[in-house]
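Under this note's numbering, the residues of the sequence shown are numbered 27 to 313, in order. All C-beta atoms, glycine included, are put in the ideal place defined by N, C-alpha and C. Contents: one structure, followed by commentary.
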Amino acid sequence: AKQRGKAGYVRYVDGMGEPVLAHMQLGGELRRALDNDEFRVVYQPIVRLDCNRVIGVEALVRWHHPTRGLVSPADFIPAAERTGLIVPLGRFVLRETCRQAAAWLAELGPDALREAGLNVSARQLHDPDFVSDVAAALADSGLPCERLVLEVTESAVLRGQQVSRALYELDRMGIRLALDDFGTGESSLSLLRAFPASIVKLDKSFVDGIEIDDGQPAAADARQAVARAVSQLARALGLDTVAEGIESPEQVAALLELGYTVGQGFYLAEPMTADSVSRLLALQARV
Ligand code: C2E
Ligand code: CA
Ligand code: CA
Ligand code: CA
Numbered sequence: 027a028k029q030r031g032k033a034g035y036v037r038y039v040d041g042m043g044e045p046v047l048a049h050m051q052l053g054g055e056l057r058r059a060l061d062n063d064e065f066r067v068v069y070q071p072i073v074r075l076d077c078n079r080v081i082g083v084e085a086l087v088r089w090h091h092p093t094r095g096l097v098s099p100a101d102f103i104p105a106a107e108r109t110g111l112i113v114p115l116g117r118f119v120l121r122e123t124c125r126q127a128a129a130w131l132a133e134l135g136p137d138a139l140r141e142a143g144l145n146v147s148a149r150q151l152h153d154p155d156f157v158s159d160v161a162a163a164l165a166d167s168g169l170p171c172e173r174l175v176l177e178v179t180e181s182a183v184l185r186g187q188q189v190s191r192a193l194y195e196l197d198r199m200g201i202r203l204a205l206d207d208f209g210t211g212e213s214s215l216s217l218l219r220a221f222p223a224s225i226v227k228l229d230k231s232f233v234d235g236i237e238i239d240d241g242q243p244a245a246a247d248a249r250q251a252v253a254r255a256v257s258q259l260a261r262a263l264g265l266d267t268v269a270e271g272i273e274s275p276e277q278v279a280a281l282l283e284l285g286y287t288v289g290q291g292f293y294l295a296e297p298m299t300a301d302s303v304s305r306l307l308a309l310q311a312r313v
């Protein structure tokens with residue numbers, strides 16, 4: 027069920043969702059898949075909206091199932107979280123991403139890429155070994171800590187003492203934390219005060235339709251108003267922003283007008299293999 031497009035893009039085909047996998051012994055399947063080396067990491071470029079320069083990547087895990095093809099993370103991350111397998115799976119993504127990012131920097135120089143991000147589940151933040159796993163991944167790969175971004179969601183952050191202690195410790199180590207899917211939670215704004223974030227990622231739901239001009243002044247358009255408020259707040263607090271899920275040039279134009287300079291989305295670049303990222307970065311380093 028895998029499609030391979032131009033430049034090594036890897037996309038899974040929809041329609042094989044939760045109902046099919048719900049009938050599998052998903053926990054056991056995931057364990058076996060991890061032992062069998064069936065997980066891969068792809069990287070989606072994070073791009074400057076004014077000049078299209080790639081400044082970072084987000085690591086996204088993929089499951090190459092021997093018979094079912096490419097399985098979407100939406101179909102197995104929840105089960106991995108329920109069974110606790112997200113801890114070893116997340117450790118694999120962490121180590122792989124650090125290793126790969128260090129390799130890009132070694133090959134292409136320190137200006138090739140500012141940072142590499144990856145997603146961290148609440149379950150991982152609860153794991154008492156998480157902070158030392160991160161420290162070990164950085165030490166083993168040689169990736170400087172300020173090059174690593176850990177993306178966490180609001181619901182993961184609001185999980186009490188143990189989690190906030192881990193987040194503050196990571197922040198103290200110089201690792202940057204990004205609030206993922208920003209704006210979708212219930213207390214996004216107060217969270218910015220209570221949490222050592224460096225980056226906010228504006229959720230795709232605010233980017234969808236942001237280019238639509240309904241003839242109203244921008245302030246009357248709720249989506250645009252939220253997007254603008256988030257970019258202004260981020261600037262006031264000294265945080266970087268990334269607008270997620272950009273699918274058209276019209277959205278790029280609208281986001282630039284609303285104060286966003288960095289974005290991510292299929293229109294800019296799809297998730298791709300590490301080799302494809304290498305080619306993209308090498309090309310960029312030459313111009
Ligand atoms: P996310 O962290 O919000 O990641 C962004 C998702 O949006 C990715 O889906 C990406 O392929 C997709 N995307 C990017 N640009 C566009 C666009 O323009 N349009 C649309 N429609 N989608 C776009 P993906 O790779 O399927 O991952 C889904 C979710 O699974 C992620 O959402 C994240 O929550 C989770 N996930 C993925 N990899 C990992 C991982 O290694 N660890 C953990 N804990 N979660 C992961
Ligand atoms: Ca993310
Ligand atoms: Ca997101
Ligand atoms: Ca409008």
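Proximity below 8 Å, CB of residue 175 to CB of residue 143: yes
Which residue wins for smallest C-alpha separation from residue 206, given the options 197, 307, 183? 183
Express the C-alpha separation of residue 162 and residue 90 in angstroms, rounding to a whole number. 27 Å
Measure how close the beta-carbons of residue 227 and residue 172 come, nearest whole angstrom, since I'm counting them as under 8 Å. Not a contact, Cβ separation roughly 18 Å.
Given a cut-off of 8 Å, decide if residue 232 and residue 249 are closer than it, judged by their beta-carbon atoms. yes
Measuring only the C-alpha atoms, how far is residue 215 from residue 259? 9 Å
Could you pull the start and end residues of the beta strand (DSSP E) that residue 237 belongs to? Premise fails: residue 237 is in no beta strand (DSSP E) and is neither H nor E.
Check this for me: beta carbons of residue 73 and residue 116, under 8 Å apart or not? no
May I ask you to verify whether the region 125-132 touches the region 92-104, counting CB pairs closer than 8 Å and requiring at least 3? no
Any non-hydrogen atom of ligand 3 within 7 Å of residue 137 CB: no
Indicate, with yes or no, if ligand 3 has a heavy atom lying under 7 Å from the CB of residue 229. yes
Would you decide whether residue 77 is buried or exposed? Buried here means 16 or more other CB atoms lie within 10 Å of its CB. exposed
Mind pulling the beta strand (DSSP E) runs of 3 or more residues that sit fully within the region 66-125? 80-91, 95-97
So residue 310 and residue 80 are supposed to be a Cβ contact under 8 Å. How far apart are they, rounded? 6 Å
DSSP three-state assignment for residue 289, whether helix, strand or coil: strand
Residue from 177, 137, 165 whose Cα sits closest to the Cα of residue 150: 177
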